Each structure stands twice: as C-alpha cells, then as structure tokens.
Amino acid sequence: MASNDGPRAIADVSAGTILATVTIAVPPERVFRALTAEEQIPLWWGSDALYRTTRHTSDVRPGGAWYSQGKGADGHEFHVQGEYLEVEPPHRLVMTWKAPWDGDNVTTVTYMLEAVESGTRLTLRHEGFGARQDACRDHGSGWERVLGWLNAFLAAEAGIKSPSIFHCRMIPPRPDFAFTLTEEERVLMDRHADYLRGKLAEGTMMLAGPVADPAGPWGLAILRVGTEAEARALTDDDPVVRSGQGFRYEILPLMSAIM
C-alpha cells in the first residue's frame with residue numbers, strides 16, 4: 005500500500021540541526037541498500053534540472069570511507085565525502101558529511117529506518133552546522149528534495165504510481181453565491197466543509213478554501229491522488245455536486261509541484 009507521507013524537512017538554524025522524514029512503500033532492507041550500495045546511489049540521487057550523481061564509492065563499515073561525485077545542470081562538477089561511524093543494517097546508518105560548498109566543515113548525518121505497515125519510515129538527522137545558519141537552511145531544503153528522489157525511485161521500482169497533484173476549482177451556481185446564500189445553501193456548505201475535512205484527514209486533500217476572485221468567489225481544493233479519474237470521483241462525491249443545484253468542478257493536473 006502506498007503511503008501519503010511525503011518528504012518533509014525542518015531546519016532548526018538556532019541549533020544547527022536538520023530533521024527530515026519520509027515514508028517509503030518498500031521494506032527497510034531495500035531502503036538501506038539504496039542508501040549504501042555503490043551502484044544504487046547514481047541511479048536516484050539527482051535530477052537533470054539540478055544535478056546528477058555520476059559516481060559513488062562506499063566502504064560500508066565503521067571507519068570506512070564514502071565519496072560521491074556529480075555534475076550540475078550547468079556542467080559544473082562537485083563532490084561530497086565522509087566516513088561511516090555506525091552501520092547497523094537495515095535500521096541505522098551514521099556517517100560524517102564533508103562538502104566543499106559548506107567550507108569542508110564536517111557534519112554528521114544519521115539515517116534511522118523503521119518498519120511500518122506501509123513500508124519504511126525513514127528519519128534523517130543532520131547536525132553540526134553550528135552558527136552557519138544559511139548552510140543549515142540550504143541543506144534542509146536539499147534533504148527534502150533528496151528524500152523525494154529516493155521515494156520516487158523505490159516506488160517506481162516497486163511498480164507503485166506516485167501520487168499526482170490536481171488543482172480543483174469548485175464553481176458555484178451563480179457569481180454572487182457567496183453573498184446571497186439561503187439558509188438551505190448554508191447547511192449544504194457546512195456539509196461540503198465537513199466532506200473536505202474528511203479528505204484532509206485521509207491525506208487525499210492538501211488544501212482547500214474560498215478564493216476572492218473579483219469576478220465572483222469560487223472554491224479551491226488541491227488534491228493528491230493517483231489519477232485524474234480518482235480526483236473526479238472525489239469531487240463528484242462532494243455533497244454540493246450531488247445536490248444537483250448547479251455546482252461543478254474544473255480539474256487540472258499540476259505539471260510539477262514544489263512543496
């Protein structure tokens with residue numbers, strides 16, 4: 005079963021620490037191998053729009069070294085390296101991190117892998133940035149991106165379709181609907197709001213609310229589901245649509261999303 009727990013990262017710049025997490029729908033053993041095997045990391049770490057890891061070497065044992073080389077979209081080459089401190093497959097991996105773009109300062113990255121019903125919950129802790137707040141903040145957004153690449157790679161390998169994001173515009177039956185509600189329509193809108201709260205709790209909806217369009221307010225819902233057909237089924241089941249009073253949704257897929 006695919007999980008909706010996408011990658012999230014928080015950078016605590018005052019403490020010089022990053023905490024990131026993602027839930028991946030494969031077992032911890034497979035995630036651990038993707039994080040450590042020399043031939044695996046170049047397969048998923050990077051994107052053509054930003055950079056690609058081109059070579060990775062790893063001596064996966066306490067005291068063993070690791071080294072990654074890559075090339076940016078502009079052709080600029082880079083590297084990052086470190087040493088393994090703790091290796092406890094498939095649940096824990098601790099290593100140092102030394103990057104030229106961070107002044108070759110040595111920080112520490114800890115991966116913790118926990119088996120859960122939907123696969124593996126990966127928690128990452130990157131610490132040791134000290135007062136280098138910009139470096140901490142930049143690495144935080146970088147780790148969220150990296151965990152997204154890892155999740156997409158392993159999901160594709162397992163034949164799991166990654167969720168897509170859909171922009172759903174709920175158009176009311178008249179332009180001045182928000183200002184001329186009848187009592188019956190207020191009750192219907194309360195049912196509509198309860199329905200959307202349920203979808204938020206399920207994880208299929210990310211955001212919803214009225215949009216103050218000068219031409220007339222309308223409702224926005226951002227859905228995270230597998231296909232447009234699933235988005236359509238979800239909006240068709242909305243009480244306002246089922247009421248037959250003239251509400252309708254326009255659904256458009258996002259071509260890409262930064263979250």
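Quick note: the sequence shown, position 78, residue 82 per the working numbering, numbers continuous.
Quick reminder that beta carbons are idealized off the backbone N, C-alpha and C, glycines included.
As the structure is a prediction and not an experimental result, all values here were calculated from the model.
Status (buried if at least 16 other CB within 10 Å, exposed otherwise) for residue i
| i | result |
| --- | --- |
| F181 | buried |
| S62 | buried |
| A77 | exposed |
| E254 | exposed |
| P11 | buried |
| N8 | With a pLDDT of 44 at N8, under the threshold of 50, the modelled position of that residue is not reliable, and no figure is offered here. |
| M259 | exposed |
| T40 | buried |
| T186 | exposed |
CB contact flag (residue i, residue j, <7 angstroms)
| i | j | result |
| --- | --- | --- |
| L97 | P32 | no |
| V113 | H130 | yes |
| M210 | R228 | yes |
| N155 | V30 | no |
| V91 | V64 | yes |
| P102 | G86 | As written in the sequence, residue 102 is Lys, which differs from the Pro given in the question. A contact, by the Cβ cut-off of 7 angstroms. |
Local conformation of residue i per DSSP, three classes
| i | result |
| --- | --- |
| W222 | strand |
| E42 | coil |
| Q85 | strand |
| Q73 | strand |
| P177 | coil |
| D241 | coil |
| A116 | A small correction: the amino acid at residue 116 is Met; Ala does not occupy that position in the sequence shown. In the structure shown, M116 sits in a strand (DSSP, three-state: E or B). |
| W48 | helix |
| P32 | helix |
| E121 | coil |
Beta-carbon separation (whole angstroms), residue i vs residue j, contact threshold 8 angstroms
| i | j | result |
| --- | --- | --- |
| G68 | Y88 | 5 angstroms |
| T58 | Q73 | 5 angstroms |
| L158 | V35 | 7 angstroms |
| P177 | Q249 | 6 angstroms |
| P243 | R195 | 4 angstroms |
Cβ of residue i within 7 angstroms of any chain B Cβ
| i | result |
| --- | --- |
| F251 | Protein chains in the displayed structure number just one, and chain B is not present. |
**OP:** Indicate whether the contact test is met: 3 or more Cβ pairs, each with one atom in the stretch 131-144 and one in the stretch 16-23, closer than 8 angstroms.
**Re:** yes
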